[in-house]
Amino acid sequence: MARPDSDPVLKALNITKSFGALQVLHGVSLEINSGKTVSILGPSGSGKSTLLRCINWLERPNSGEIYLDGEPVGRHPNGELMSDRELAAIRARMGKVFQSFNLWPHFTVLENVIEAPVQVLGVPKAQAIEQAEQLLQKVGLQDKRDVYPYSLSGGQKQRVAIARALAMSPRVMLFDEPTSALDPELVGEVLAVMRDLTREGMTMLVVTHEMAFARDVSDEVIFMDQGEIVEQTTPDRFFSNPETRRAQQFLARYQ
Amino acid sequence: MSDWDIIIQEWPRFANGFLNSVVLFVASTIGAFVLGGLMVNGLRSSRSIVRRAFHFYVDGLRMLPFLIFVYLLYYGLPSFGIKLDAWTAGLLGLVIYHSAYVAEILRGSWDQLPNGQSESAQACGFYGIKMFRRIILPQLILNTAPILGNQLIYMLKDTAFLMIITVQELTYAASSVQSMYFVPLQPFIIAIALYWAVSLLIEGLVALVHRTAKERGFGQT
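Chains as they are written, first to last, in the numbering used here: chain E, 1466 to 1720; chain Y, 32 to 252.
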């Protein structure tokens, strides 16, 4: 079905989330258009990761709506909860990269990348392997295809995790602090892969503390604090001329 | 005729008993793992009522001596109009009883598994039984090989209890030879040797799983 290009790939409307008495998200809304990279910045505890977890319903939002390509995520338009199967089908169209990689340790690198395409999408194995090899080449790990994740460095693990998510041909990639668990010297190799993805036109939502990445690579920056979006603007304006005091204070700590 | 000649003469009885024990052991192992694998999902259900019901059931079974459990199945159920033949009662008893242990072992292992493992699977579109079978269960088994191996040995030895409900397994064979010829020692030496041989095979299997786990870096952190 043809859609106008201006329709957002991903749309979140008024997302709220509480853990017990603690409200973590106070009605957050955002949109990402196709091919854009949006970075979400903010101090820890500002709700960035929770927002990302709500978007693919790893965390069930208390209220609000999420749409992927105009289709609701998590709840049907009549408010009814989606079944596990329906939710899984829509999650399969969003790639997610975790801070702690979460590779499956009992599978080799190649097996990690082909597992979901074969088991979830029903892609023939030979075809999945061919695609996985291309993806591993893209993230620079083709020579690691037959090793187990535990023997990889953190940066290599994260690159495999990116390949694994890409293998599902997702509409959007969600990155949850992808470099925060890495030794400083390994951050660059992961960011380089992410830069390539942006250049190739992948739609990306990136929660990060890497200010240089947010400034140089993203089309838009969202600054969150205390569970709400405080600023939403171009990287140039955010980094050179932040409007709110909270953003100024935040940036002062990083520069 | 020496006592050992009696053993040789009655060898078909031992062979038949041993075969029955092995069949019971293998069938009940498969059954207990399948059932235990299903039950661990109940023990970890997100609904507290389901979780508590499964815990109650599993703990209840584990408190029961196996001998009494299988006795009830065979001699007790007919009072409720359910009559099982010895083999069915024995096999059912082994499967139900040991599935509770398998479920509990797997639950302990699953509690230790980082949440991120199932989250990354869900994020890739996995759910339900396939997610459990492909992503979770292999890790639970690799993490608990020695404990599961121990349980297998218990399962093997528990097949011996089935002689009291007249299943003609290895201990039954040894016991009948013993009472027919009044040779108290040799029949049981043979039985022990055969149980021991199977236990060694189980140990070998455990070592294999352990090596598989080590190759994948399990238990290194």
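Ideal Cβ placement from N, Cα and C applies to all residues, glycine included.
- By the 16-neighbour rule on beta-carbons within 10 angstroms, W42 of chain Y is exposed.
- For P1526 of chain E, no beta strand (DSSP E) segment is defined, and its DSSP state is neither H nor E.
- In this structure, DSSP gives T1699 of chain E a state outside helix and strand, which the three-state scheme calls coil.
- Nearest neighbour of E1496 of chain E by Cα position, chosen from E:I1505, E:A1557, E:L1475 and E:Q1488, turns out to be E:L1475.
- Any Cβ of chain Y closer than 7 angstroms to the Cβ of P1643 of chain E would place that residue at the interface, and such an atom is absent.
- Here the C-alpha atom of K1501 of chain E lies approximately 35 angstroms from the C-alpha atom of L144 of chain Y.
- In terms of beta-carbon proximity, R1556 of chain E lines the interface with chain Y, with at least one pair separated by less than 7 angstroms.
- Taken through DSSP and simplified to helix, strand or coil, A1477 of chain E comes out as strand.
- When the beta-carbon positions are compared, S1511 of chain E and D1690 of chain E come within less than 7 angstroms of each other.
- F1688 of chain E is bridged by DSSP to E:L1506 and E:E1696.
- With a cutoff of 7 angstroms on beta-carbon distance, L66 of chain Y and G121 of chain Y are scored as not near each other.
- At a cut-off of 7 angstroms between beta carbons, L1523 of chain E contacts chain Y.
- The Cβ atoms of L183 of chain Y and F249 of chain Y do not sit closer than 7 angstroms to each other.
- For the C-beta of I166 of chain Y, the chain E residues within less than 7 angstroms are, from N- to C-terminus, W1569.
- Cβ neighbours of L1631 of chain E within its own chain (closer than 7 angstroms, five residues either side excluded): G1560 and L1600.
- Two segments are said to touch when three or more pairs of C-beta atoms, one from each, lie closer than 8 angstroms; by this definition the stretch 148-166 of chain Y touches the stretch 1515-1530 of chain E.
- Going by beta carbons, L1546 of chain E and T1515 of chain E fall outside the 7 angstroms limit.
- The beta-carbon distance between Q217 of chain Y and W35 of chain Y, rounded to whole angstroms, is 6 angstroms. This is short enough to meet the 8 angstroms contact definition.
- With a 10 Å radius around the Cβ and a threshold of 16 neighbouring Cβ atoms, W227 of chain Y comes out exposed.
- For F1640 of chain E, the nearest beta carbon of chain Y is not closer than 7 angstroms to its own beta carbon.
- As for any alpha helix (DSSP H) of minimum length 4 sitting wholly inside the stretch 1556-1633 of chain E, the runs are 1574-1581, 1590-1603 and 1619-1631, ordered along the chain.
- Ranked by Cα distance from V1655 of chain E, the options E:L1552, E:R1636, E:E1675 and E:D1534 are led by E:E1675.
- Take V1612 of chain E, set aside five residues on each side of it, and the residues of its chain with a beta-carbon closer than 7 angstroms to its own are T1573 and V1574, in chain order.
- Nearest neighbour of N146 of chain Y by Cα position, chosen from E:L1606, E:G1666, E:Q1564 and E:N1527, turns out to be E:Q1564.
- According to the DSSP secondary-structure assignment, E1536 of chain E is paired through a beta bridge with E:L1533.
- Residue state for K114 of chain Y is assigned as coil, using DSSP reduced to three classes.
- Boundaries of the alpha helix (DSSP H) around M211 of chain Y: L201 to Y212.
- The beta carbon of S151 of chain Y falls within 7 angstroms of a beta carbon belonging to chain E, placing the residue at that interface.
- Only exposed fits T1709 of chain E, as fewer than 16 other CB atoms lie within 10 angstroms of its CB.
- With fewer than 16 other beta carbons inside 10 angstroms of its own, G1653 of chain E counts as exposed.
- Ranked by how close their Cα comes to the Cα of Y128 of chain Y, the residues Y:T60, Y:S210, Y:R242 and Y:S77 have Y:T60 in first place.
- For S149 of chain Y, there is no enclosing beta strand (DSSP E); the residue is part of the alpha helix (DSSP H) that begins and ends at N146 to A154.
- Between the C-alpha atoms of G1492 of chain E and A1679 of chain E there is a straight-line separation of about 23 angstroms.
- Closest in alpha carbon position to E1693 of chain E, among E:P1614, E:I1480 and E:P1473, is E:I1480.
- At a C-beta separation below 9 angstroms, E1580 of chain E has these neighbours in chain Y: A152, C155, F157, R165 and I166.
- Using a 10 angstroms sphere on the CB of D1641 of chain E, the tally of other CB atoms reaches 16 or more, which defines it as buried.
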